[in-house]
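Peer 1:
Protein chains: 4
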Amino acid sequence: MPSPEDRNDLDDLVGALRRFTAERDWQQFHDPKNLAMLLASEAGELLAEYRWVRGDQADAHSQEPGPRARIAAEVADVGIALLLLCDRIGLDLTRAIADKLAQNAARYPVERSRGRAERPE
Amino acid sequence: MPSPEDRNDLDDLVGALRRFTAERDWQQFHDPKNLAMLLASEAGELLAEYRWVRGDQADAHSQEPGPRARIAAEVADVGIALLLLCDRIGLDLTRAIADKLAQNAARYPVERSRGRAERPE
Amino acid sequence: MPSPEDRNDLDDLVGALRRFTAERDWQQFHDPKNLAMLLASEAGELLAEYRWVRGDQADAHSQEPGPRARIAAEVADVGIALLLLCDRIGLDLTRAIADKLAQNAARYPVERSRGRAERPE
Amino acid sequence: MPSPEDRNDLDDLVGALRRFTAERDWQQFHDPKNLAMLLASEAGELLAEYRWVRGDQADAHSQEPGPRARIAAEVADVGIALLLLCDRIGLDLTRAIADKLAQNAARYPVERSRGRAERPE
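Residue numbers (our numbering), protein chains in the order written: chain S, 1 to 121; chain W, 122 to 242; chain G, 243 to 363; chain H, 364 to 484.
#1: Identify the contact partners of A403(H) in chain W, using a Cβ-Cβ distance below 9 angstroms as the criterion.
#2: What beta strand (DSSP E) runs, 3 residues minimum, are completely inside the stretch 444-470 of chain H?
#3: Going by the CB atoms, is the gap between A285(G) and A435(H) shorter than 9 angstroms?
#4: So P32(S) contacts chain W; which residues on that side make the cut at Cβ distance below 7 angstroms?
#5: Helix, strand or coil for D267(G)? Go by DSSP, reduced to three states.
#6: Among P32(S), R51(S), F20(S), whose alpha-carbon lies nearest the alpha-carbon of N155(W)?
#7: Quick check: what's the CA-CA separation for D213(W) versus Q390(H)?
#8: What does F271(G) touch in chain W if you count any residue whose Cβ is under 9 angstroms from its own?
#9: Counting only Cβ-Cβ distances shorter than 8 angstroms, please list the residues of the stretch 190-208 of chain W near chain S, keeping chain order.
#10: Helix, strand or coil: which one does DSSP assign to D31(S)?
#11: Leaving out five residues before and five after T21(S) in sequence, what residues of the same chain have Cβ atoms less than 8 angstroms from its Cβ?
#12: I'd like to know whether the C-beta of A117(S) is nearer than 9 angstroms to at least one C-beta of chain G.
#13: If you run the structure through DSSP and keep just helix, strand and coil, what is P4(S)?
#14: When you compare the CB of L91(S) with every CB in chain H, is at least one pair closer than 9 angstroms?
#15: Find the residues of chain B that neighbour R228(W), judging by a C-beta separation of less than 8 angstroms, and give them in chain order.
#16: I need the straight-line Cα distance from L38(S) to A411(H), nearest angstrom please.
#17: Grouping DSSP H, G and I as helix and E and B as strand, with all else coil, what is S183(W)?
#18: Among the residues of its own chain, which have a CB less than 8 angstroms from the CB of L445(H), if the five just before and after it don't count?
#19: With a Cβ-Cβ cutoff of 9 angstroms, do I339(G) and L409(H) count as a contact?
#20: On the criterion of 16 or more Cβ atoms from any shown chain inside 10 Å, does A190(W) qualify as buried, or is it exposed?
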């Protein structure tokens, strides 16, 4: 059962990110273009953690202490960039995800999509 | 004041993503390596929305209806990939972000970082 | 035996890219930052071609007509972005690669690297 | 006037890359999927070199000694990944680029494209 502190975790993080950014006067660097670049470069670092790992060993790899710590750090960097961008442009991340998930459900009907990888576009 | 439905937004989304994935039997494609690739390719699509936009026009661009809808969709795709990956490897995203933010605070002391862009590494 | 036309293939392409860009008056968009974004977003599209393909089927996948045509187009887009960037900043791509290869040879000595995947950093 | 050594620079580099890879027995890691990941992660590192740089300062930034050395190294890493991938799947990079450039010329007619940034599509 979630305690009251669990609620609005994301809002709390966004608040902490705002303070972190403001204290360092970094808003000037955080226009949406730069944040999209930050996000993509962090996604690239996460990618690097898996690039030589076989697909069928990627789950196990993700549980090994050394790689796991690095993966967690890269996942966090991606998450931070995503929250910074959403906050900067006033976009509700959870709502955007919910909306997209509804679109995806229509785009990939269960009966036609089962067991078939999505097409690249 | 947040209503009860607001709490655990992320948990709700993760639940919806699990159902979406399970109904289509897509877990087989969602090993962590593939999800890291999904994340990076979606981050690349988000990047494409800003690549010809001037930095000092990127905020305004993010508010124009057409671009905004595309940006929201790409942001959502990135968020979905991130949640799928965290769920797959059993990583608590909000906690990972909070931990990283604490590390960043130590790594970039306010007095030495103010107004200076982070170094690339 | 290469015919004379084979020489300086890259120089010819760079010349064609310059004309293409100048005719459209696109130099204004092609600052190095934007070109780095173009490159990364094209790399993301290439990534998308392989994200649901198993590693041990990726060679065969690359030879199937449909995927191969898309892969060739994405590879070309990455190559174009790379050449545009090198031309813009006055960097000799083949020399930069030769220099890096020499560094890599020193960094990954044969006897210690054989059969072991490079470390992520 | 190019000396004979200038010709087939790319072929020479590909030969050197093949030897480098074979000596370390790294072909096993270099399936096309992994090489696409390598490419995208290196593109992400290049992106990181420009993410806090203003667009109108990106040309000058690219000439400063410290950044330039890092940019050259990242450009080279991208180029190496691209050549490894093309060699692995038997794709002629310069021909693929020439073909794509012809397609782009048809897709972006001069009279309708002049001075207008390409749409993300």
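Glycine included, C-beta positions come from ideal geometry on N, C-alpha and C.
Since this is a predicted model, take the numbers as computed values, not measurements.
Peer 2: The answer reads as follows:
#1: Start at 1 with the first residue of the fourth sequence, and residue 403(H) comes out as number 40. Correct list: M158, A161, S162, G165.
#2: none
#3: Within the fourth sequence, the letter at position 72 stands for residue 435(H). Within the third sequence, the letter at position 43 stands for residue 285(G). For A435(H) and A285(G), no; Cβs fall outside 9 angstroms.
#4: As a first step, residue 32(S) is located in the first sequence; it is residue number 32 there, counting from the start. Chain W residues near P32(S): Y171, A179, D180, S183.
#5: Start at 1 with the first residue of the third sequence, and residue 267(G) comes out as number 25. If DSSP states are grouped into helix, strand and coil, D267(G) belongs with coil.
#6: Position 34 of the second sequence holds residue 155(W). Nearest C-alpha to N155(W): R51(S).
#7: In the second sequence, counting from the first residue as 1, residue 213(W) sits at position 92. In the fourth sequence, counting from the first residue as 1, residue 390(H) sits at position 27. Between D213(W) and Q390(H), the C-alpha separation is close to 36 angstroms.
#8: Residue 271(G) sits at position 29 when you count from the first residue of the third sequence. Those are R172, W173, listed as they occur along chain W.
#9: Taking a C-beta cut-off of 8 angstroms against chain S, the contacting residues of the stretch 190-208 of chain W are I192, A193, A194, V196, A197, D198, V199, G200, I201, L203, L204, L206, C207, listed in chain order.
#10: Working through the first sequence from its first residue, we reach residue 31(S) at position 31. Coil, per DSSP.
#11: Here residue 21(S) corresponds to residue number 21 of the first sequence, with the count starting at 1. Only Q27, H30, L84 meet the Cβ criterion.
#12: Here the question's residue 117(S) lines up with position 117 in the first sequence. Output row for A117(S): interface = yes.
#13: Counting from one through the first sequence, the residue named residue 4(S) turns up at place 4. Because P4(S) carries a pLDDT of 47, less than 50, the predicted location of this residue cannot be relied on, and the following value inherits that uncertainty. Here P4(S) sits in helix by DSSP.
#14: The count along the first sequence starts at 1 and reaches residue 91(S) at position 91. Chain H contact via Cβ: absent.
#15: Note that chain B does not occur in the displayed structure, where the protein chains are S, W, G and H.
#16: The sequence position of residue 38(S) within the first sequence is 38, counting from 1. The sequence position of residue 411(H) within the fourth sequence is 48, counting from 1. Between L38(S) and A411(H), the alpha-carbon positions lie close to 7 angstroms from each other.
#17: Stepping through the second sequence from its first residue, residue 183(W) is reached at position 62. The answer is coil: DSSP assigns S183(W) none of H, G, I, E or B.
#18: Within the fourth sequence, residue 445(H) is the residue found at index 82, counting from 1. So the list reads L402, L456, once near-sequence residues are dropped.
#19: Taking the first residue of the third sequence as position 1, residue 339(G) is located at position 97. Taking the first residue of the fourth sequence as position 1, residue 409(H) is located at position 46. Not a contact, by the Cβ cut-off of 9 angstroms.
#20: The count along the second sequence starts at 1 and reaches residue 190(W) at position 69. So A190(W) counts as exposed.
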